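Novice:
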Amino acid sequence: MYEIICAIILGILEGLTEFLPVSSTGHLILAGNLLGFEGDKATTFKIVIQLGAVMAVFMLYWKRYMDILKDLLTFNFSAKNKLNAIHMVIAMIPALIVYLIFKDDIKSHLFGPAPVLIGLIVGGILMIIAARAKRKVTAENTDDITYKQAFGIGLFQCLALWPGFSRSGSTISGGLLLGTSQKAAADFTFIIAVPVMLGATILDMYDSRELLNGDTLLLFLIGFITAFVVAMIAVVTFLNLIKRLRLEWFAFYRFALAAVFFIFVM
Numbered sequence: 001m002y003e004i005i006c007a008i009i010l011g012i013l014e015g016l017t018e019f020l021p022v023s024s025t026g027h028l029i030l031a032g033n034l035l036g037f038e039g040d041k042a043t044t045f046k047i048v049i050q051l052g053a054v055m056a057v058f059m060l061y062w063k064r065y066m067d068i069l070k071d072l073l074t075f076n077f078s079a080k081n082k083l084n085a086i087h088m089v090i091a092m093i094p095a096l097i098v099y100l101i102f103k104d105d106i107k108s109h110l111f112g113p114a115p116v117l118i119g120l121i122v123g124g125i126l127m128i129i130a131a132r133a134k135r136k137v138t139a140e141n142t143d144d145i146t147y148k149q150a151f152g153i154g155l156f157q158c159l160a161l162w163p164g165f166s167r168s169g170s171t172i173s174g175g176l177l178l179g180t181s182q183k184a185a186a187d188f189t190f191i192i193a194v195p196v197m198l199g200a201t202i203l204d205m206y207d208s209r210e211l212l213n214g215d216t217l218l219l220f221l222i223g224f225i226t227a228f229v230v231a232m233i234a235v236v237t238f239l240n241l242i243k244r245l246r247l248e249w250f251a252f253y254r255f256a257l258a259a260v261f262f263i264f265v266m
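In case it helps, the UniProt record's numbering puts the sequence shown at residues 1 to 266.
(1) May I ask you to report which of helix, strand or coil DSSP gives residue 133?
(2) Starting from the C-beta of residue 51, find all residues in its chain whose C-beta is less than 6 Å away, skip the five residues before and the five after it, and write them out in chain order.
(3) Residues in the same chain with beta-carbon distance under 8 Å from residue 174, minus the five sequence neighbours each way, listed in chain order, please.
(4) Once the 5 residues before and after residue 136 are set aside, which same chain residues still bring their CB inside 7 Å of it?
(5) Considering just the uninterrupted stretch of the alpha helix (DSSP H) at residue 59, what are its terminal residues?
(6) Identify the continuous alpha helix (DSSP H) that holds residue 33 and give its terminal residues.
(7) From residue 56 to residue 227, what does the alpha carbon distance come to, in whole angstroms?
(8) Name the two residues that bound the continuous alpha helix (DSSP H) containing residue 249.
(9) For residue 195, report the span of its alpha helix (DSSP H) as first-last.
(10) Please list, in chain order, all residues of the same chain as residue 42 whose beta carbon is under 7 Å from its beta carbon, the five residues on each side excluded.
(11) Between residue 230 and residue 12, what straight-line distance do the alpha-carbon atoms span, to the nearest angstrom?
(12) Is the beta carbon of residue 72 closer than 7 Å to that of residue 91?
(13) What's the C-alpha gap between residue 15 and residue 147?
(14) Ordered along the chain, which non-local residues of its own chain (more than five positions away) have a Cβ less than 8 Å from that of residue 262?
Given below as structure tokens:
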């Protein structure tokens, strides 16, 4: 029964934090530490509930994905100033390569409270730098993003492999530094979230396939559904919020969270 309560709490937390640059993974690791819900089962559980949040993003942008898929199947990449599959692929490649090379080291050394607190602080500093940087905006929306900018954002996405940095925080910061508007960076971040996180989830679930059995099915299903429902309710509000608030406000929250956990947990 206690594990089911943990599943609901963590599912709610995942749905609420996945779309903000505050590191949902970091929140889950810290919350799991507080709840005593740790170990291989907990790690696999966190992967499953992230998939629930990803499905919520897909529901929000499904028309855009269908357009991109249609252009891909018809090899239609000739339209200028239009986001297409090439943007998505080149934005995904850097993090995918780094993950495949270092995934064992990442899981062994970075999935703990101390590395998360460091990621929260350093990621927050990056966000403040990006928000206050003087740059010329060349991409007001996602269709203005160039292949070069997409690849650069993909390089920044590698930072998100460190729990606590936040995927959206890293990529939105990268977009701002590379000349996109915060709105364009946020939209692009969420659009590439589905294939990136879906791919990572499939790989992780394959590695943890021995834990996907009848004994864990109910627990994982409760967490997945909770994260999906909460994310569906929260996604529109949070997308509007992230496009309107300056990025450093989220950085200040990260610093406060890190301070609280350092004082009371570490």
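Glycine included, each C-beta is placed from N, C-alpha and C at the ideal position. Remember, predicted model here, so these are calculated numbers, not experimental data.
Specialist: Put simply:
(1) The residue you call residue 133 lines up with position 133 of the sequence shown. Residue 133 falls in the coil class under three-state DSSP.
(2) To locate residue 51, count along the sequence shown from 1; it is residue 51. These residues qualify, in order along the chain: 201.
(3) Taking the sequence shown and counting its residues from 1, one reaches residue 174 at position 174. These residues qualify, in order along the chain: 130, 152, 153, 155, 156, 157, 185.
(4) The residue given as residue 136 occupies position 136 in the sequence shown. Counting only Cβ-Cβ distances below 7 Å, and skipping sequence neighbours, we find 179.
(5) Here residue 59 is taken as the residue at index 59 of the sequence shown, counted from 1. That run of the alpha helix (DSSP H) goes 40-73.
(6) As a working mapping, residue 33 is identified with position 33 in the sequence shown. Run containing residue 33: 24-35, per the alpha helix (DSSP H) assignment.
(7) On the sequence shown, residue 56 is found 56 positions in, with the first residue counted as 1. On the sequence shown, residue 227 is found 227 positions in, with the first residue counted as 1. Rounded to whole angstroms, residue 56 to residue 227 spans 9 Å at the Cα level.
(8) On the sequence shown, position 249 is the one that residue 249 refers to. That run of the alpha helix (DSSP H) goes 247-264.
(9) As a working note, residue 195 is residue 195 in the sequence shown. Segment 182-207, the alpha helix (DSSP H) holding residue 195.
(10) Mapped onto the sequence shown, residue 42 falls at position 42. Close CB contacts of residue 42 within its chain, under the 7 Å cut and outside five residues either way in sequence, are with 32 (chain order).
(11) Within the sequence shown, numbered from 1, the residue matching residue 230 stands at position 230. Within the sequence shown, numbered from 1, the residue matching residue 12 stands at position 12. Note on geometry: alpha-carbon atoms of residue 230 and residue 12 lie some 6 Å from one another.
(12) In the sequence shown, counting from the first residue as 1, residue 91 sits at position 91. In the sequence shown, counting from the first residue as 1, residue 72 sits at position 72. It is not a contact, given that the beta carbons lie outside the stated cut-off.
(13) In the sequence shown, residue 15 corresponds to position 15, counting from 1. In the sequence shown, residue 147 corresponds to position 147, counting from 1. Distance from the CA atom of residue 15 to the CA atom of residue 147, rounded to whole angstroms, is 31 Å.
(14) Position 262 of the sequence shown, counted from the first residue, corresponds to residue 262. The answer, listed in chain order, is 117.
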